[in-house]
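Chemist: Below is the structure I would like to discuss, written out as structure tokens.
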Amino acid sequence: MRPATSSTTSWLAAAAAVMVVSGGLVAAQSAPDGENGRYSMTPIPEGVLRLDTRTGTVSTCTKNGAGWACYAVPDERTALDAEIGRLQAEVERLKGQLAAGPTVSGKVDEALPKSDQLKKAEPKAVEGERKIEIPLPSDQDVDRVMSFLEKAWRRLIDMANRVQKDVSGKI
Numbered sequence: 097m098r099p100a101t102s103s104t105t106s107w108l109a110a111a112a113a114v115m116v117v118s119g120g121l122v123a124a125q126s127a128p129d130g131e132n133g134r135y136s137m138t139p140i141p142e143g144v145l146r147l148d149t150r151t152g153t154v155s156t157c158t159k160n161g162a163g164w165a166c167y168a169v170p171d172e173r174t175a176l177d178a179e180i181g182r183l184q185a186e187v188e189r190l191k192g193q194l195a196a197g198p199t200v201s202g203k204v205d206e207a208l209p210k211s212d213q214l215k216k217a218e219p220k221a222v223e224g225e226r227k228i229e230i231p232l233p234s235d236q237d238v239d240r241v242m243s244f245l246e247k248a249w250r251r252l253i254d255m256a257n258r259v260q261k262d263v264s265g266k267i
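Reading the sequence shown from the start, the letters are residues 97 to 267 in my numbering.
See below:
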């Protein structure tokens with residue numbers, strides 16, 4: 097064996113340093129994500145979906161001309177919780193108003209009679225006689241009947257014209 101020179105010593109020192117660093121990288125890569133990694137990354141077509149395992153915040157990370165940029169994904173849960181809180185406060189306020197007493201003035205104890213404009217008048221019996229009076233149809237009723245009859249007549253004429261054309265075309 098020959099004696100070690102300074103170049104051989106520096107080469108051995110560099111090799112040992114590379115082995116130590118490489119061993120450290122292998123150890124760092126084999127550590128599970130739950131112990132050391134704060135973020136969990138999932139590839140998506142636009143870039144990467146990043147989950148912060150400590151806070152639960154989700155972000156989308158995309159690469160643009162200046163580099164990578166991550167933007168927080170809107171959290172529906174936060175918006176829903178805010179709306180639920182607002183509605184609960186409104187319910188409590190309304191319950192307080194109801195408990196305070198009636199605030200409506202001029203309240204009527206009896207319901208007003210309902211009038212049905214489409215309801216037909218009932219036939220009336222004339223006193224002393226057994227005759228029944230039947231009310232005449234309204235203008236609206238007559239218009240509806242006339243419209244129906246016009247449509248039916250037009251369809252009948254159209255049908256007769258088609259039959260006549262079919263018969264004349266075959267002869």
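We put the CB at the ideal spot given by N, CA and C, even for glycine.
Here the structure is a predicted model, which means the values were calculated and not measured.
Whole angstroms are fine: how far does the CA of K261 sit from the CA of P233?
Modeler: Cα to Cα, P233 sits roughly 41 Å from K261.
Chemist: Return the first residue and the last residue of the alpha helix (DSSP H) that I230 is part of.
Modeler: No alpha helix (DSSP H) holds I230; DSSP gives it neither H nor E.
Chemist: Using the three-state DSSP reduction, which class does D262 fall into: helix, strand or coil?
Modeler: Correct three-state label for D262: helix.
Chemist: Considering only the alpha carbon of each residue, which of T153, D237, Y135 and K159 lies closest to E142?
Modeler: Comparing Cα positions, the closest option is K159.
Chemist: Is it buried or exposed for R146, if we count other Cβ within 10 angstroms and need 16 for buried?
Modeler: Buried is the call here.
Chemist: First and last residue of the beta strand (DSSP E) that includes A281?
Modeler: Since the first residue shown for the chain is 97 and the last is 267, residue 281 is missing from the structure and cannot be characterised.
Chemist: Name the DSSP beta bridge partners of T158, please?
Modeler: Beta-bridge pairing links T158 to A165.
Chemist: Between T156 and Y167, which are expected to be in contact by the criterion C-beta below 8 Å, what is the C-beta distance as a whole number of angstroms?
Modeler: Contact flag correct, Cβ pair sits at about 6 Å.
Chemist: Who are the near neighbours of V169 in its chain, counting only those whose CB is closer than 7 Å to its CB and skipping five residues on each side?
Modeler: Same-chain partners within the cutoff: V154, S155 and T156.
Chemist: Going by DSSP in three states, R189 sits in which element: helix, strand or coil?
Modeler: It is helical.
Chemist: Skipping 5 residues on each side, what residues in its chain have a beta carbon closer than 6 Å to that of G120?
Modeler: Confidence is the limiting factor: at G120 the pLDDT is only 44, short of 50, which leaves the residue's position unreliable and the question unanswerable from this model.
Chemist: For Q236, tell me which candidate among K227, F244 and R226 has the shortest Cα-Cα distance.
Modeler: Q236 has its Cα closest to that of F244, out of K227, F244 and R226.
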